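Undergrad:
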Amino acid sequence: MTSVLEVRDLCASRGGKPVLTDVSLRLESGRIAAVLGPNGAGKSSLVLAMSGVLPLDAGEVLVDGVALGRAAPHEVRRAGIAAIPEGHQVLTGLSVRDNLRVAGCVLAPGEVGAAIERTLQVFPELRELQPRDAGTLSGGQRQMVALAQALMSRPRFILVDEMSLGLAPLIVARLMKVLQTLAAEGCGVLLIEQFTHVALQLADHAYVMNRGRIHFEGAPAEIEANPQLLHAAYLAG
């Protein structure tokens, strides 16, 4: 059965300044949707709003037609949505394994060990790094840990913010392959990207943001065939 994550007319602000205005999008399980746009377009704010970190001024986030209301981040995770914020954020001072344990806080205690093993099968590179302080890892390794943390709760939807930022092309290719596999297994992936060529290679559908609004949505092939659509959206204001 197909699950659907929807955002309807979402508005949010920071410090009294609007950062999202009437944003609407739709993501189905097993699909990858890309959100493109320049720096300051509102892409990261969208992830924070959808994951319960940034309070909503108006609009709603729904899973299978059920509105989450003003849900806190842990309630959003329980609804099946996991977010990976920009910046390869891990808990420095804790080992890789403890980072995964913390991410498993929404699970029953008896399920955590099996969930860690499941994520290590996705990222076997992390197995020997489990005792290491996560703060000592490379950027690529940290991003693997961040994605592994998101997978601990077996989410139906993953929101990924600028995963490729600052990483070597080989690491980006490795991580994108994981996202493709997750989608093939039925997870919906919302991919926030500044680098359009990376996102359009994976996405089934694309949205272009600028100044907190969606200016265009359509098939990736349409954007690739008509680059002026993307350019116009980047210049829109």
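So the sequence shown is numbered by the working numbering: it starts at -15 and just counts up by one.
Backbone N, C-alpha and C fix where the C-beta goes; we use that ideal spot for every residue, glycine too.
Note that the structure is a prediction, hence the values are computed from the model and not measured.
If you drop the 5 nearest sequence neighbours on each side, which residues of the same chain put their C-beta closer than 8 Å to that of Leu75?
TA: The sequence position of residue 75 within the sequence shown is 91, counting from 1. Around Leu75: Asp82, Asn83, Val86, Ala118.
Undergrad: Taking the alpha-carbon of Pro115 as reference, which of Gly77, Phe141, Asp6, Pro57 has the nearest alpha-carbon?
TA: Locating residue 115 in the sequence shown gives position 131, counting from the first residue. It is Gly77 whose Cα lies nearest to the Cα of Pro115.
Undergrad: So is Asp145 buried or exposed if we call it buried at 16+ other beta carbons inside 10 Å?
TA: As a first step, residue 145 is located in the sequence shown; it is residue number 161 there, counting from the start. Asp145 should be labelled buried.
Undergrad: From the DSSP secondary-structure annotation, give me the bridge partner or partners of Ala42.
TA: Residue 42 sits at position 58 when you count from the first residue of the sequence shown. Cys(-5).
Undergrad: Taking Glu208 as part of the alpha helix (DSSP H), name the residues at either end of that continuous run.
TA: The count along the sequence shown starts at 1 and reaches residue 208 at position 224. First-last of the alpha helix (DSSP H) with Glu208: 204 to 209.
Undergrad: Is Asn23 helix, strand or coil by DSSP?
TA: By one-based count along the sequence shown, residue 23 stands at place 39. DSSP places Asn23 in coil when its eight states are reduced to three.
Undergrad: Starting from the C-beta of Leu135, find all residues in its chain whose C-beta is less than 7 Å away, skip the five residues before and the five after it, and write them out in chain order.
TA: The residue you call residue 135 lines up with position 151 of the sequence shown. Excluding positions up to five away in sequence, the list reads Thr103, Val106.
Undergrad: Whole angstroms is fine: what's the gap from Leu149's alpha carbon to Gly49's?
TA: For this step, residue 149 is matched to residue 165 along the sequence shown. For this step, residue 49 is matched to residue 65 along the sequence shown. Their Cα atoms are separated by approximately 33 Å.
Undergrad: Measure the alpha-carbon distance for Ser8 versus Leu151 and round it to whole angstroms.
TA: As a working mapping, residue 8 is identified with position 24 in the sequence shown. As a working mapping, residue 151 is identified with position 167 in the sequence shown. For Ser8 and Leu151, the distance between alpha carbons rounds to 30 Å.
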